[in-house]
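Here this note's numbering is used: the first residue of the sequence shown is 2, the next is one more, and so on.
In this text, a Cβ means the ideal position worked out from N, Cα and C, and glycines have one as well.
A short write-up of the structure that comes next.
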Amino acid sequence: MAMEGDAAAAGVAGELVLRRQPSTTTKLARWCRKNPVGVAGWVLIMILLAMAAFADIASTHEPNKLAGSINELPSSTHYLGTDLVGRDIFSRLLHGARVSLAVGFWAVFMGVTAGLLLGLVSAYAGGIFDLLVQRLVDANIAIPGIVLALVIVAVLGPSVTNVIIALAINYISTATRVTRSVVLREKARVYVEAARSLGASSTRIMFLHVLPNSISPYLVLVSVSIGSAIIGEASLSFLGAGVGADTASWGSMLSTAAARPYDVSWTLALAPGMAIALAVLGFNLFADSLRDTLDPRLRNR
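Below you can see the structure in the form of structure tokens.
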């Protein structure tokens with residue numbers, strides 16, 4: 002009878018513990034209260050994503066076709082005016098969000114993911130392979146990112162795909178360095194020794210044990226790098242080596258405004274410039290909040 006009573010008490014206690022666990026909505030609400038800066042960044046990101054998603058619906062004109070006279074001022078027909086060839090600035094701004102955000106996301110995702118895998122294998126394997134990888138990383142870091150991207154685009158030709166490849170290569174080295182430092186720390190943990198003593202292979206240990214415990218810096222690095230990738234695309238387009246003048250992007254719009262600064266509407270430079278600034282601000286604010294959430298040393302500050 003005593004054992005049955007103890008079992009019943011244990012069951013009730015377990016149910017109480019389960020009931021006390023907060024729901025996902027409660028956790029999200031707590032995170033929002035503790036991280037108003039992160040929420041502000043997330044709101045900015047959602048606004049930009051909505052611009053890109055509903056560009057076809059919200060646009061008043063075709064972004065790459067003539068919509069009126071050249072250099073018109075903002076009006077009810079053209080909310081932000083027209084550029085120096087008569088294209089609607091508002092429509093190009095919305096469609097430019099698609100290109101700039103897509104380039105930023107895919108360049109960072111490809112580059113940081115490649116750096117994550119390379120840093121993981123390099124740190125865990127060690128030896129000559131690790132030494133060779135780190136020297137290649139040093140050589141890549143020694144070259145200014147914008148110069149390397151210009152060379153790659155000049156060789157491959159200006160296009161959205163080639164801009165993504167050029168920017169992605171710049172993020173491999175940073176991600177490799179960050180991942181390598183984290184994996185070296187995790188490699189010395191007790192759970193790795195325990196898995197190895199149980200006969201687990203190096204591949205299993207790397208991808209099933211070390212990698213999941215090294216993913217937090219990857220998430221922060223992705224979120225914080227998207228803003229810089231958007232600036233990178235704008236810089237290449239501004240220099241005439243980006244996605245092309247005929248493709249609507251924030252960088253190409255700035256390049257058009259800079260070509261004849263005294264002959265174009267003031268909105269042609271202000272609109273994409275503000276969009277780039279808000280995009281970088283939003284991703285940086287969210288990345289800072291994400292870092293504080295994932296880092297146990299900063300979680301309770």
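Would you list the one or two residues that DSSP bridges to residue i?
| i | result |
| --- | --- |
| D89 | T83 |
Would DSSP call residue i helix, strand or coil?
| i | result |
| --- | --- |
| D247 | coil |
| G283 | helix |
| H62 | coil |
| L67 | coil |
| G241 | coil |
| E73 | coil |
| W267 | coil |
| S202 | coil |
| T26 | helix |
| M2 | Caution applies to M2, whose pLDDT of 45 falls short of 50 and renders its modelled position unreliable; the model cannot decide the point. |
| P159 | coil |
| V18 | Caution applies to V18, whose pLDDT of 46 falls short of 50 and renders its modelled position unreliable; the value that the coordinates give is listed next. Note: V18 maps to helix in three-state DSSP. |
| I216 | helix |
| V13 | The pLDDT assigned to V13 is 46, lower than 50, so where the model puts this residue is not dependable, and the model offers no usable value. |
| P273 | helix |
| R190 | coil |
| T78 | coil |
| N36 | coil |
| I129 | helix |
| I173 | helix |
| F55 | coil |
| R261 | coil |
| I144 | coil |
| A8 | Residue confidence for A8 is low, a pLDDT of 48 falling below 50, so the modelled location carries little weight; the figure read from the coordinates is stated next. Helix, per DSSP. |
Cβ atoms of residue j and residue i: under 8 Å apart, would you say?
| i | j | result |
| --- | --- | --- |
| S253 | V244 | yes |
| H210 | A196 | yes |
| L81 | A272 | yes |
| L67 | R88 | yes |
| V152 | V164 | no |
| I147 | S236 | yes |
| A140 | L168 | no |
| G233 | N285 | no |
| I48 | F287 | no |
| L133 | V179 | no |
| L50 | R261 | no |
| S60 | S92 | yes |
| Y172 | V104 | no |
| R181 | S123 | yes |
| S1 | T78 | Limits of the chain in this structure are 2 at one end and 302 at the other, which puts residue 1 out of reach. |
| E187 | S215 | yes |
| T114 | V138 | no |
| W107 | T294 | no |
| M52 | L118 | no |
| L157 | I144 | no |
Does residue i have its Cβ less than 8 Å from a Cβ in chain D?
| i | result |
| --- | --- |
| R99 | Protein chain content of the structure displayed is limited to a single chain, and chain D is not contained in it. |
For my contact list, residue i and residue j are in at a C-beta cut-off of 8 Å; report their separation, rounded to the angstrom.
| i | j | result |
| --- | --- | --- |
| I170 | G112 | 7 Å |
| S290 | G116 | About 23 Å separates the two Cβ atoms, so there is no contact after all. |
| A249 | G97 | 5 Å |
| L121 | L185 | Not confirmed; about 11 Å, so no contact. |
| L269 | I90 | 6 Å |
| S203 | Y125 | 7 Å |
| N72 | D247 | Wrong, their Cβ atoms sit about 19 Å apart, outside the cutoff. |
Regarding residue i and the ligand COA, is the C-beta to nearest heavy atom distance less than 7 Å?
| i | result |
| --- | --- |
| A288 | Questions concerning the ligand COA fall outside what the structure shown contains, since it holds no ligand whatsoever. |
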